[in-house]
Amino acid sequence: MEAPLTSHHLALDLGAESGRLIAATLEGDRLSLEEIHRFSTGATREGHSLTWDIPRIWQDVQTALTRAATLDRPWSSLGTDSWGVDYLLFRADGSIVHPTFHYRDARTARGVAAAHARIPWTGIFAETGIQFMPLNTLYQLAAEAPDRLAQTDRLLLIGDGFNRLLSGVAVAEASLASTSMLYRPADGTWSSHLCCTLHLPQSILPPIVPSGTRLGPLLPDLASRVGLAASPPEVIASCSHDTAAAVVGVPSEGDDWAYLSSGTWSLMGVECPTPVLTAAARERNFTNEIGFGNTVRLLKNISGLWLLQECRRAWTEAGHPHDYTQLVALAEAAPPFRSLIRPDHPCFLAPDGMPDRIAAFCRDRGEPVPESPGAMVRCILESLALLYRQTRDQIQEVTGRSLQRLHIVGGGSQNALLNQFTASALGIPVHAGPVEATAAGNVLVQAFALGRLPSLASMRAVVRRSFPVQVFHPEPAHPWNAAYHRFQTLGAN
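Our numbering puts the first residue of the sequence shown at 7, with every later residue one more than the last.
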């Protein structure tokens, strides 16, 4: 019997809290993943600005590649995925304009005002199909200092910027480009209209390429430094947007499902063949981002486990550290539905002081103030589940579909309490896993680019064979229906 074809790949997964290099082995129709190196990527304060420490992150990436070299495997390829909207400004000599701003930096408010003074929000949505969020690339660029743009030869969003550092090739992969609020999903081009209207130099925007574009081998000097010179992996623009990669990694079949990529952000939506640019989609603040094969990911960005992460950080800084397992156990023991919030409210977008923000929100709306970490965490998780219900209802309204199950992938899929709350709030089964959907999707698109897999359906079949999924069934609906009615009275973003 002939041995199954085996190939080895690397996925560089850059998230808002941490980055990881994942080693992947595709053996026949089964995929295995192994974390090689993990490092912090978190925000840095520079004066009054919130930024990313790109030189430190790049050093950590090189450390990760050095560790990959010690495994002595024939690495076929390497691809990067990252969060959307933030960008690197490259000079013509390849150096990076400092600093690289964080999407939560306060300058974005100035950019919103500047952009909307020139074009109304309705005009921006008609062109791009992207939901209104102050952190979007377009608003960041509207707040940019002219001298920084004058130095810029190429603007690359984070994942594509690291692919440029790895390969020397500057391109914009479509899924990541589509998060920028400068991309036209109708024809797959940059919006000349928006660039002209907002006086943005379109010349700094790179060529747009589809998911799975082969960029060339790891740069020779870099390959030598990290010990991969003998057989440098080929760099591939996989799905450079982490959510697009995660959606590839959803173990789904049929078309009666929605996905929820759960982490710092909760990204909930469905796959569509074409953009949904209707007034209903705009009024419900949906976004049209590009997926593998030029599908459209109609979704909503929701401020997900960010609230829990910020509360935990605040409690730790106050001398009361808890790990996530402890916090979820405390929440499970707390009384149900005592306090509800709107996780999508703008007051929860900025970092720092999250427990105080939640307490103030509750006081202002007559909700009981959570008085313990367990009560606070239960408030966050129940409120997120109710927000997911609202989003599911809106997706059905905008698309006309009847959604029969929800696939939750990513790190948040490990939170069994939130998974159960979500199943009960929505009244449909929740399929949780894989945790590593983003890395799996990144690698599987690489395998597609190299001719190992023929289609999106074949990639998802590999996921189903390779990773366990836990199913959560709804519990009695009445208490959740009552809580949802109360939730809807709290106002919305």
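Beta carbons: idealized from backbone N, C-alpha and C, even for Gly.
Assigned exposure category for residue i - 16 Cβ within 10 Å defines buried
i: GLN410; result: exposed
i: ALA463; result: exposed
i: TRP127; result: exposed
i: GLN426; result: buried
i: GLN208; result: exposed
i: GLY433; result: exposed
i: CYS317; result: buried
i: ASP227; result: exposed
i: LEU11; result: exposed
i: GLN65; result: exposed
i: ARG51; result: exposed
i: ARG288; result: buried
i: PRO2; result: Any answer about residue 2 is impossible in this case: the structure gives the chain only from 7 up to 499.
i: GLY418; result: buried
i: PRO191; result: buried
i: LEU77; result: exposed
i: PRO327; result: exposed
i: SER237; result: exposed
i: HIS54; result: exposed
i: THR3; result: Residue numbering for the chain in the displayed model covers 7 to 499; residue 3 lies beyond these limits and cannot be assessed.
i: PRO279; result: exposed
Proximity to residue i [Cα-Cα], best of the options
i: ALA178; options: THR143, ILE296, VAL215, ASP92; result: VAL215
i: THR301; options: GLU377, SER184, LEU355; result: SER184
i: GLU41; options: GLY48, ALA30, ASP35; result: ALA30
i: ILE125; options: ARG110, PRO257, CYS202, GLY260; result: CYS202
i: ALA98; options: TRP81, SER181, PRO212, GLN65; result: PRO212
i: PHE493; options: SER24, GLY359, GLU388; result: GLU388
i: GLY447; options: GLU377, VAL256, HIS491; result: VAL256
i: LEU71; options: TYR189, ARG44, ASP329; result: ARG44
i: ARG73; options: ILE28, GLY117, LEU20; result: ILE28
i: GLU481; options: THR428, ALA443, GLY439; result: THR428
i: LEU304; options: GLN402, ARG116, SER13, GLN420; result: GLN402
Cβ pair residue i, residue j closer than 7 Å
i: LEU39; j: ALA445; result: yes
i: ALA250; j: GLY297; result: yes
i: LEU412; j: VAL334; result: no
i: LEU504; j: PRO281; result: The structure shown does not extend to residue 504, since the chain spans only 7 to 499, so no value can be given for it.
i: ARG471; j: ASP35; result: yes
i: ARG113; j: ALA75; result: no
i: VAL253; j: LEU84; result: no
i: HIS484; j: PRO435; result: no
i: ALA264; j: VAL404; result: no
i: LEU147; j: LEU225; result: no
Close Cβ partners of residue i (< 7 Å) along its chain, the five nearest in sequence each way excluded
i: GLU154; result: Reading off the sequence shown, one finds Arg at residue 154, where the question assumed Glu. Here the set comprises LEU95, VAL103.
i: LYS306; result: GLN137, MET274, GLY275, ASN291, PHE292, THR293, THR397
i: THR220; result: Rather than Thr, the amino acid found at residue 220 in this sequence is Arg. Same-chain partners within the cutoff: GLU240, ILE242, ALA455.
i: TRP486; result: SER430, ALA431
Own chain, CB closer than 8 Å to residue i, minus 5 neighbours either side, in chain order
i: ARG353; result: Per the sequence shown, the amino acid found at residue 353 is Cys instead of Arg. These residues qualify, in order along the chain: ARG363, ALA366, PHE367.
i: LEU496; result: LEU346, ILE347, ARG348, ARG371, GLU373
i: ASN499; result: In this prediction, ASN499 scores a pLDDT of 47, lower than 50, which makes its location untrustworthy; no coordinate-derived value is stated.
i: ARG110; result: ALA49, LEU56, LEU141, LEU355, ALA356, PRO357
i: GLN400; result: ARG290, PHE292, LYS306
i: ASP159; result: PHE96, ARG97, ALA98, ILE210
Cβ shell of residue i (< 6 Å), same chain only, five flanking positions each side left out
i: GLY218; result: VAL451, PHE454, ALA455
i: VAL449; result: HIS15, ALA17, ALA30
i: ARG170; result: LEU162, ALA176
i: GLN157; result: ARG97, VAL103
i: ALA22; result: TRP89, THR270
i: GLY25; result: PHE45, THR47
Residue i beta carbon near the ligand MN (any heavy atom closer than 6 Å)
i: SER46; result: Ligands in the displayed structure: none, and consequently the ligand MN is not present.
Practice item. Evaluate the contact criterion for the stretch 100-110 versus the stretch 471-490: three or more CB pairs, one atom per stretch, below 8 Å. Key: no
Exercise for review: Please confirm if the stretch 223-237 is in contact with the stretch 196-211, defined as three or more CB-CB distances below 8 Å between the two stretches.
Suggested key: no
Review point. Pairing CB atoms from the stretch 80-92 with CB atoms from the stretch 146-163, are three or more of them under 8 Å?
Key: yes
Check your understanding: So, do the stretch 380-397 and the stretch 262-282 have three or more beta carbon pairs nearer to each other than 8 Å?
Key -> Segments in contact, yes.
Review point. Touch check for the stretch 333-344 and the stretch 382-389: three-plus C-beta pairs under 8 Å?
Key: Verdict: yes, contact present.
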